[in-house]
Amino acid sequence: MKTILFPTDLFDQSSTTFTYLNLMARAWEARVIVLHVYQPVVADTSFSTFADPGMGSVAVLDLETISQKHLDRLVEQFRNEGLDAVGEWRVGDIENSIVDAAREYKPDLLITQRSTITTFFDRLAGSSADDVARQAPCPVLFIPESELGKEPISVAFRSVAYVLQQHISQQMVSDQTAAIIDTFDAHLTVITPEQIDETKPDLFVVQRKETGFLGGLMGTDPTEKLLSTANVPVLVYHEAE
């Protein structure tokens, strides 16, 4: 693995996510592309000032500048920690911009933080995490959102659970877990989707397969189940187009 894409909102990122990123980037000596997608704010030009188009326009420009500076500081922080990091600042829709960046840079891995989905209406509406998992052209590692005061003392991949589904071969299991197993000397266990709740690994690996609307709604899609309930990282691979 030589390139890792790391989308971040800059302000609400768990320290656990940074720890996993640092761990994997160092292990593979990978370049980290730190991506921030700025969603433009509609300026309120009704607050006019002398010789200015409006206070709203100025405020929007200030917000853009602030977000760019925060990105620069984060990249500098990573570099000071010894990582090969570069910044990428974009404007637009978050999910589409992340997928577009993944298609452009062709990273070996995309690392991002996810929030837990717990309600029926959350599953009905879908989630940005699942949108990225469905569309990104590269493996995506989702780091669970940590509860305040419950950050793990150490981050490691000692045990890996691969969720076996129909039409997945032994070769696919090997190909999709080899980098983690070899790098971190981890123990691999192959499980069925029904065994997810009773399995407690350091990492789940799953091949995303389309199960239809009802599969996601009722929680029978193992990928969506893991993204909504797993309290450890989930590595999602994709079906070849």
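Our numbering applies: residue 479 is where the sequence shown begins, and numbers increase by one.
All residues carry an ideal CB built from backbone N, CA and C; glycine is no exception.
None of the values given here were measured: they were computed from a predicted structure.
| Asked | Found |
| --- | --- |
| Rounded to whole angstroms, what is the Cα-Cα separation between PRO518 and ASP609? | 21 Å |
| Could you tell me if ALA603 is buried or exposed, where buried requires 16 or more neighbouring beta carbons within 10 angstroms of its beta carbon? | With a pLDDT of 36 at ALA603, under the threshold of 50, the predicted position of this residue should be treated as unreliable, though the coordinate-derived value follows. Looking at its Cβ environment, which holds fewer than 16 other Cβ atoms inside 10 Å, ALA603 is exposed. |
| Mind reading off the beta-carbon distance from LEU501 to PHE484? Whole number of angstroms is fine, and I expect it under 8 Å. | 13 Å between Cβ atoms; not a contact. |
| Return helix, strand or coil for ILE669, following the three-state DSSP convention. | strand |
| On the premise that ASP586 lies in contact with CYS616, defined as a C-beta separation below 8 Å, what is that separation, rounded to the nearest angstrom? | 7 Å |
| Closest by CA to LEU513, which one among TRP506, GLN591, ARG504, GLY560? | GLN591 |
| With 16 other CB atoms within 10 Å as the buried threshold, where does GLU702 fall? | buried |
| Please list, in chain order, all residues of the same chain as VAL515 whose beta carbon is under 6 Å from its beta carbon, the five residues on each side excluded. | ARG568, ILE572, SER575 |
| What number of angstroms, rounded off, separates the C-alpha of ASP562 from the C-alpha of SER493? | 19 Å |
| Between PRO700 and GLN643, which are expected to be in contact by the criterion C-beta below 8 Å, what is the C-beta distance as a whole number of angstroms? | 7 Å |
| In chain order, what residues of the same chain lie with their CB nearer than 8 Å to the CB of GLY560, ignoring the 5 residues before and after it? | ARG504 |
| So what does DSSP say about LEU549, is it helix, strand or coil? | helix |
| DSSP state of GLN654, grouped into three classes? | helix |
| Could you please give the first and the last residue of the uninterrupted alpha helix (DSSP H) stretch that includes THR495? | 493-506 |
| Please state the DSSP three-state secondary structure of LEU513. | strand |
| Identify, in the order they occur along the chain, each residue of the same chain with its Cβ nearer than 6 Å to the Cβ of LEU545, setting aside the five sequence neighbours on each side. | Leu is not the amino acid found at residue 545; the sequence shown has Ser there. So the qualifying residues of the chain are TYR516. |
| Using C-beta distances below 6 Å, list every residue in its chain close to HIS716, excluding the 5 sequence neighbours before and after it, in chain order. | ARG686 |
| Please list the terminal residues of the continuous beta strand (DSSP E) segment that includes ASP487. | From DSSP, ASP487 is part of no beta strand (DSSP E); its letter is neither H nor E. |
| Return the CA-CA distance between ASP653 and LEU713, expressed in angstroms with no decimal places. | 13 Å |
| How big is the Cα-Cα spacing for THR667 and PRO622? | 21 Å |
| Counting C-beta neighbours from all protein chains within 10 Å, is the total for THR670 16 or more, i.e. buried, or is it exposed? | exposed |
| DSSP three-state label for THR481, please. | strand |
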